[in-house]
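Participant: For the sequence shown, counting from 1, position 48 maps to 48 in our numbering; every step adds exactly one.
Backbone N, C-alpha and C define an ideal beta-carbon position, used for all residues, glycine too.
This one's a predicted model, so the numbers in the text were calculated from it and none came from an experiment.
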Amino acid sequence: MMSSLTGRCLCGAIHYRVSGQPLAVDHCHCESCRKASGAAFVTWFTVRAFDVVWHGDKLRWFAAAVGVERGFCGHCGSTMAYRHDAEPEEMDITAASLDHPESITPEHHVCFAERLPWVEPAMLAGLPVFERARMAGQGRRHGKERVTEPWPSTPV
Ligand SMILES: [Zn+2]
Ligand SMILES: [Zn+2]
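1) Taking DSSP as the reference, what is the three-state secondary structure of F130?
2) I want to check one thing, is the minimum distance from the CB of A36 to the heavy atoms of ligand 1 below 6 Å?
3) Sort out for me which residues DSSP pairs L5 with in a bridge.
4) Once DSSP output is grouped into helix, strand and coil, what is the label at R115?
5) If you follow the alpha helix (DSSP H) that E31 is in, where does it begin and where does it stop?
6) So does C73 have its beta carbon nearer than 6 Å to some heavy atom of ligand 1?
7) Round the Cβ separation of M80 and C30 to the nearest angstrom and send it over; I've been treating them as touching at under 8 Å.
8) What is the rounded straight-line gap between the Cα of T46 and the Cα of R141?
9) Sorry if obvious, but does the Cβ on C9 come closer than 6 Å to a heavy atom of ligand 2?
10) When a residue counts only if its C-beta is closer than 5 Å to some heavy atom of ligand 2, which residues count, in chain order?
11) Enumerate in chain order the residues of its own chain whose CB-to-CB distance from A122 is below 8 Å, with the five nearest sequence positions on each side excluded.
12) By the three-class DSSP mapping on this structure, what secondary structure does D51 have?
13) Just reading off the alpha helix (DSSP H) that A125 is part of, what are its end residues?
14) Evaluate R70 with the Cβ neighbour count: other Cβ atoms within 10 Å of its Cβ, from every protein chain shown; 16 or more gives buried, anything less gives exposed.
15) Under three-state DSSP, which class holds A95?
16) What do you get for M135, buried or exposed, if any count of 16 or more other CB atoms within 10 angstroms of its CB means buried?
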């Protein structure tokens, strides 16, 4: 049996715990998810809204369209959640905000008609791979940005 799912934003000001299992896990390729996240596509897991307990700072909600809200951290900007008036009992949460994203498995591609050409499997598989930065000692490589220690909720 899988234990409960926990996760957090990049800065740690917002964290959450989900009881129960995801209803679905989808890679969404819609343009809105791309714009909101800055990523090529967003992996969401869908849960019953009442199965999520949020801790720390409150999510900020952006009214992205009529009946659609996208939740993010007001400190670090991490994309966290999505809700739609059409299914008020459900909420989508970003799979990559999980403490253990590997504990869930994507099941579908959705809005695939809107995908970027460079997420095609052949395009992805055809690129050179570097396990770390592209150049040794590269100063602006990504990673380990306050992912191990929570950022204080209030400025210090
Ligand atoms: Zn944050
Ligand atoms: Zn989307």
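Facilitator: Taking the structure as given:
1) Residue mapping note: residue 130 aligns to position 130 of the sequence shown, counting from 1. Correct three-state label for F130: coil.
2) By one-based count along the sequence shown, residue 36 stands at place 36. No.
3) For the purposes of this step, residue 5 is taken as the residue at position 5 of the sequence shown. Paired residues: V18.
4) Working through the sequence shown from its first residue, we reach residue 115 at position 115. Residue state, collapsed to three classes: coil.
5) Numbered from its first residue, the sequence shown carries residue 31 at position 31. Per DSSP, the unbroken alpha helix (DSSP H) holding E31 starts and ends at 31–37.
6) As a position in the sequence shown, residue 73 is number 73, starting the count at 1. Because some heavy atom of ligand 1 lies under 6 Å away, the Cβ of C73 counts as near it: yes.
7) For this step, residue 80 is matched to residue 80 along the sequence shown. For this step, residue 30 is matched to residue 30 along the sequence shown. About 17 Å separates the two Cβ atoms, so there is no contact after all.
8) As a first step, residue 46 is located in the sequence shown; it is residue number 46 there, counting from the start. As a first step, residue 141 is located in the sequence shown; it is residue number 141 there, counting from the start. Going by the C-alpha atoms only, they are around 32 Å apart.
9) Translated into the one-based positions of the sequence shown, residue 9 becomes position 9. Result no, Cβ not under 6 Å from ligand 2.
10) Selection output, chain order preserved: C28, C30, C33.
11) Working through the sequence shown from its first residue, we reach residue 122 at position 122. Nothing meets the Cβ criterion.
12) Start at 1 with the first residue of the sequence shown, and residue 51 comes out as number 51. Correct three-state label for D51: helix.
13) In the sequence shown, counting from the first residue as 1, residue 125 sits at position 125. Element bounds for A125: 121–125.
14) The residue given as residue 70 occupies position 70 in the sequence shown. Classification of R70: buried, given that the 10 Å Cβ count is 16 or more.
15) In the sequence shown, residue 95 corresponds to position 95, counting from 1. The answer is helix: DSSP assigns A95 an H, G or I state.
16) Taking the sequence shown and counting its residues from 1, the one referred to as residue 135 is at position 135. M135 comes out exposed.
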